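Protein sequence lines correspond, in order, to chains A and B. According to the working numbering, the first sequence is numbered sequentially starting from 16. According to the working numbering, the second sequence is numbered sequentially starting from 88. For each residue, glycine too, the CB sits at the ideal point set by N, CA and C. Since this is a predicted model, take the numbers as computed values, not measurements.
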Amino acid sequence: MLKRISHTFVHVLDQDEALDFYVGKLGMVVHTDADLGVMRFLTVHFPDQPDVELVLMVPGPPAYDDTTAAEIRELVAKGAGGGGLIFETDDCRGTYDSLRAAGVEFTQEPTERFYGIDCALRDPSGNAIRFTQPPDGPIVVPSAEELQAQP
Amino acid sequence: MSRAIEDRNRRMLRARDTMDRAFAQPLDVPALARIAHVSESHFSRQFRATFGETPHRYLQRRRVERAMELLRETGRPVTEICFDVGFNSLGTFSRTFRAIVGESPSAYHARFAAEGAALLVPACWAMAWMRPAG
Chain A
16 MLKRISHTFV HVLDQDEALD FYVGKLGMVV HTDADLGVMR FLTVHFPDQP
66 DVELVLMVPG PPAYDDTTAA EIRELVAKGA GGGGLIFETD DCRGTYDSLR
116 AAGVEFTQEP TERFYGIDCA LRDPSGNAIR FTQPPDGPIV VPSAEELQAQ
166 P
Chain B
88 MSRAIEDRNR RMLRARDTMD RAFAQPLDVP ALARIAHVSE SHFSRQFRAT
138 FGETPHRYLQ RRRVERAMEL LRETGRPVTE ICFDVGFNSL GTFSRTFRAI
188 VGESPSAYHA RFAAEGAALL VPACWAMAWM RPAG
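Written as structure tokens, this is what we have:
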């Protein structure tokens with residue numbers, strides 16, 4: 016029986032730059048930073064969620080040959096690396112303001128939706144990230160008529 | 088060479104992200120070229136090489152996609168929606184919308200109003216999946 020997600024991976028172009036972003040700006044902390052010889056195994060997590068690690072991986076040997084790695088890097092850089100991350104926040108607008116002031120590149124301003132308030136940004140490599148502030152109560156999926164009636 | 092492409096891709100993405108975020112503003116090639124740190128003469132060509140369409144076309148599709156959502160999910164007048172998504176003439180908006188979507192903005196609105204078919208998916212999905220093809 017499988018239990019839960021423990022690690023998820025994101026391809027980054029530069030691990031030091033990624034560290035500065037995910038730790039320095041987003042407020043995550045380093046879990047593991049190990050030189051394995053063939054690669055630097057670098058993982059981070061949110062302080063309140065130590066059991067879900069985000070692995071910041073540079074595409075390259077031994078997982079990929081140099082040509083393939085270069086192709087992946089080019090795709091990541093144009094926002095086509097695939098995947099994505101969605102984080103939760105208790106204050107979407109406040110977090111947006113402080114991250115914006117810190118120079119984070121946003122692709123969508125905080126927007127109210129029935130599932131909460133969310134916005135979108137890029138990490139320095141080009142990966143897509145969103146964060147959402149869930150509504151106070153349960154998420155109520157509106158009917159088509161209700162959506163039409165919204166201002 | 089690869090690092091040069093990688094760097095160029097990231098700068099082109101920054102310009103494209105600007106169109107996604109600030110679609111309602113009057114974005115022109117000089118402004119976008121500055122964001123991408125490239126000369127105006129190279130910008131459109133490099134953008135097309137990166138994403139397969141001109142920046143002008145991308146911005147048109149972004150604005151039309153926004154308009155489609157507003158037409159589906161609000162009862163607001165076409166003229167208001169036209170200006171809200173960044174077009175500055177109703178004629179250009181209607182012509183562009185029809186060329187991309189295949190029907191007029193008002194026909195599109197009427198069809199969704201009749202079918203009651205608002206999209207109950209997160210905004211990011213709607214944005215990616217409902218964007219009309221080039």
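Beta-bridge pairing of residue i - partner residues as DSSP gives them
| i | result |
| --- | --- |
| residue 132(A) | 127(A), 148(A) |
| residue 133(B) | Answer is none; residue 133(B) lacks a bridge partner. |
| residue 101(A) | 145(A) |
| residue 68(A) | 22(A) |
| residue 59(A) | 45(A), 69(A) |
Under the three-state DSSP convention, the category residue i falls into
| i | result |
| --- | --- |
| residue 54(A) | coil |
| residue 99(B) | helix |
| residue 20(A) | coil |
| residue 47(A) | strand |
| residue 74(A) | coil |
| residue 27(A) | coil |
| residue 119(A) | coil |
| residue 88(A) | helix |
| residue 137(A) | strand |
| residue 190(B) | coil |
| residue 89(B) | helix |
| residue 171(B) | helix |
| residue 35(A) | helix |
| residue 177(B) | helix |
| residue 93(A) | coil |
| residue 94(B) | helix |
| residue 124(B) | coil |
| residue 139(B) | coil |
Short Cβ contact (8 Å threshold) for residue i with residue j
| i | j | result |
| --- | --- | --- |
| residue 110(B) | residue 178(B) | no |
| residue 10(A) | residue 99(B) | Since the first residue of chain A shown is 16 and the last is 166, residue 10(A) is not available in this structure. |
| residue 145(A) | residue 133(A) | yes |
| residue 43(A) | residue 59(A) | yes |
| residue 197(A) | residue 129(A) | Because chain A in this structure spans residues 16 to 166, residue 197(A) falls outside the shown range and cannot be described. |
| residue 69(A) | residue 119(A) | no |
| residue 36(A) | residue 139(A) | yes |
| residue 119(B) | residue 130(B) | yes |
| residue 102(B) | residue 122(B) | yes |
| residue 147(A) | residue 131(A) | yes |
| residue 122(A) | residue 148(B) | no |
| residue 191(B) | residue 89(A) | no |
Contact with chain A by residue i, beta-carbon distance below 8 Å
| i | result |
| --- | --- |
| residue 149(B) | no |
| residue 168(B) | no |
| residue 137(B) | yes |
| residue 93(B) | yes |
| residue 207(B) | Model confidence at residue 207(B) stands at a pLDDT of 49, short of 50, so the residue's coordinates are unreliable; what they give is reported in the following sentence. Closer than 8 Å to some Cβ of chain A, the Cβ of residue 207(B) qualifies, so yes. |
| residue 100(B) | yes |
| residue 108(B) | yes |
| residue 97(B) | yes |
Beta carbon proximity, residue i to chain B, threshold 8 Å
| i | result |
| --- | --- |
| residue 88(A) | yes |
| residue 103(A) | no |
| residue 153(A) | no |
| residue 110(A) | no |
| residue 18(A) | no |
| residue 28(A) | yes |
| residue 23(A) | no |
| residue 141(A) | yes |
| residue 122(A) | yes |
Exercise. Say whether the region 183 to 200 of chain B touches the region 142 to 155 of chain B, bearing in mind that this needs 3 or more beta-carbon pairs closer than 8 Å, one atom from each stretch.
Key: yes
Quiz item: Are the region 46 to 65 of chain A and the region 75 to 89 of chain A touching by the rule of at least three beta carbon pairs closer than 8 Å?
Solution: yes
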